[in-house]
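Just below is one structure, and these are the notes that go with it.
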Amino acid sequence: MATNTILQSLNTDADFGSVNAVGSSNRRQEEVFIAKETLLVGDWVAFDLAATADSDVTLGVFKADGNSSPVRTPFGVVLRSAEPSGLLTAGSRVEVVISGVVDAFVGDNAGAGSAIGTLLQITNAAGVADAASAASAQPVCGVLSETIGAGAGTTLKRVVVIKNF
54 MATNTILQSL NTDADFGSVN AVGSSNRRQE EVFIAKETLL VGDWVAFDLA ATADSDVTLG
114 VFKADGNSSP VRTPFGVVLR SAEPSGLLTA GSRVEVVISG VVDAFVGDNA GAGSAIGTLL
174 QITNAAGVAD AASAASAQPV CGVLSETIGA GAGTTLKRVV VIKNF
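Rendered as C-alpha cells:
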C-alpha cells in the first residue's frame, strides 16, 4: 500500500531560500509546458484543444482568448521561462502557475476598476482576464487579490489562480 507524507511549512522564504517562494505557507503549484506562440510573463494560458494527437492537447499552451476558435479557456498563468536562455517564444518550455498566487495580466473592468476579491474570467484580449460577467459562458479562472484603480488599463496584478487542471 502506498503511503504519503505531506509537509506543510508556515516558515518564511528565508528559512529555505527557495527561488520559487512567494511567502510563508505558499501553496502555489507550477507545471512546465511548451509555448505554441510567443508569451509574456503574466499571460493567462490555455491548452491546445485543437491538437491532433491526444498527448499534444495538454502539452502546448497558447494565450487564453475568448475570441479564438475554439475558445481558449485559461487554466494558468505564465510565471517564467524554463529555458536557460530565458526565451518565451514558440517551442520554448515555460513554467505555468496552475494554482495559487501569481502576478497576471488583468483588465480594469471597462475603466471602472476592480476590488480585491473580484472574480476573473478570460476576455477577448489574448492573455488577459477581467472581472467576471454573469452573462459569459466562460468559467472563473481566478480571484483578484490586489486593487485595480479606475482607468488603469491592463496591468500586472496579484491574483489567485483557481485550479482547473
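Going by my numbering, the first residue of the sequence shown is number 54, and it counts up by one from there. Cβ atoms here follow ideal geometry from the backbone N, Cα and C, with glycine treated the same way. Computed from a prediction, not measured in an experiment: that's the story for all the values here.
Query raised in the report: Going by other Cβ atoms of all chains shown within 10 Å of its Cβ, with 16 needed for buried, is PRO127 buried or exposed?
Result: Counted from its first residue, the sequence shown places residue 127 at position 74. It counts as buried.
Report task. Reducing DSSP to helix, strand and coil, say where ASP101 ends up. Result -> Translated into the one-based positions of the sequence shown, residue 101 becomes position 48. DSSP, read as helix, strand or coil, puts ASP101 in coil.
Requested in this report: Out of VAL98, GLN174, GLY206 and ALA179, state which residue places its alpha-carbon closest to the alpha-carbon of GLY164.
Outcome: On the sequence shown, residue 164 is found 111 positions in, with the first residue counted as 1. The residue from VAL98, GLN174, GLY206 and ALA179 with its alpha-carbon nearest to that of GLY164 is GLY206.
Report task. Keeping to the same chain, check which residues put their C-beta closer than 8 Å to that of LEU93; ignore five residues upstream and five downstream. Result -> Looking up residue 93 in the sequence shown gives position 40. Counting only residues of its own chain and dropping the five nearest sequence neighbours on each side, LEU93 has a CB closer than 8 Å to the CB of VAL131, LEU141, PHE158 and GLY180.
Query raised in the report: Taking the alpha helix (DSSP H) that SER189 falls in, what are its first and last residues?
Result: Here residue 189 corresponds to residue number 136 of the sequence shown, with the count starting at 1. Careful: SER189 lies outside any alpha helix (DSSP H) and carries neither H nor E.
Report task. Please work out which residues of its chain come closer than 7 Å, Cβ to Cβ, to GLU84, disregarding the five sequence neighbours upstream and downstream, and give them in chain order. Result -> The sequence position of residue 84 within the sequence shown is 31, counting from 1. Within the same chain, Cβ atoms closer than 7 Å to the Cβ of GLU84 are found at VAL149 and ILE151, the five residues on either side in sequence being excluded.
Report task. With DSSP as the reference, label ASP96 as helix, strand or coil. Result -> Here residue 96 refers to the residue found at position 43 of the sequence shown. DSSP places ASP96 in coil when its eight states are reduced to three.
Query raised in the report: Where LYS116 and ASP183 are concerned, what is the direct C-alpha to C-alpha distance, given to the nearest angstrom?
Result: For the purposes of this step, residue 116 is taken as residue 63 along the sequence shown, with counting starting at 1. For the purposes of this step, residue 183 is taken as residue 130 along the sequence shown, with counting starting at 1. Rounded to the nearest angstrom, the two C-alpha atoms are 14 Å apart.
Query raised in the report: DSSP on VAL110, reduced to helix/strand/coil?
Result: Position 57 of the sequence shown holds residue 110. Residue state, collapsed to three classes: helix.
**Report entry** Between the CA atoms of GLY129 and ASP109 - distance to the nearest angstrom
**Finding:** The residue labelled residue 109 in the question sits at position 56 within the sequence shown. The residue labelled residue 129 in the question sits at position 76 within the sequence shown. Taking C-alpha positions only, ASP109 is separated from GLY129 by approximately 17 Å.
**Report entry** Separation of ALA103 from PRO123, as counted between CA atoms
**Finding:** For the purposes of this step, residue 123 is identified with residue 70 of the sequence shown, where counting begins at 1. For the purposes of this step, residue 103 is identified with residue 50 of the sequence shown, where counting begins at 1. Approximately 7 Å between the Cα atoms of the pair.
Query raised in the report: If you check the beta carbons only, do ARG211 and GLY153 fall under 7 Å apart?
Result: Here the question's residue 211 lines up with position 158 in the sequence shown. Here the question's residue 153 lines up with position 100 in the sequence shown. Contact annotation: ARG211 and GLY153 have beta-carbon atoms that are not nearer than 7 Å.
Query raised in the report: With which residues is GLY153 paired in a DSSP beta bridge?
Result: The residue you call residue 153 lines up with position 100 of the sequence shown. Residue pairing of GLY153 in beta bridges, as defined by DSSP: VAL214.
Report task. Out of TRP97, LYS89, GLY204 and ILE87, state which residue places its alpha-carbon closest to the alpha-carbon of VAL155. Result -> Working through the sequence shown from its first residue, we reach residue 155 at position 102. In terms of Cα proximity to VAL155, the closest of TRP97, LYS89, GLY204 and ILE87 is TRP97.
Report task. Could you check what DSSP says for ALA74 in three-state terms: helix, strand or coil? Result -> Taking the first residue of the sequence shown as position 1, residue 74 is located at position 21. Confidence at ALA74 is low in this model, with a pLDDT of 49, below 50, so the placement of that residue should be treated as unreliable; the coordinate-derived value is given next. Of the three classes helix, strand and coil, the one that applies to ALA74 here is coil, per DSSP.
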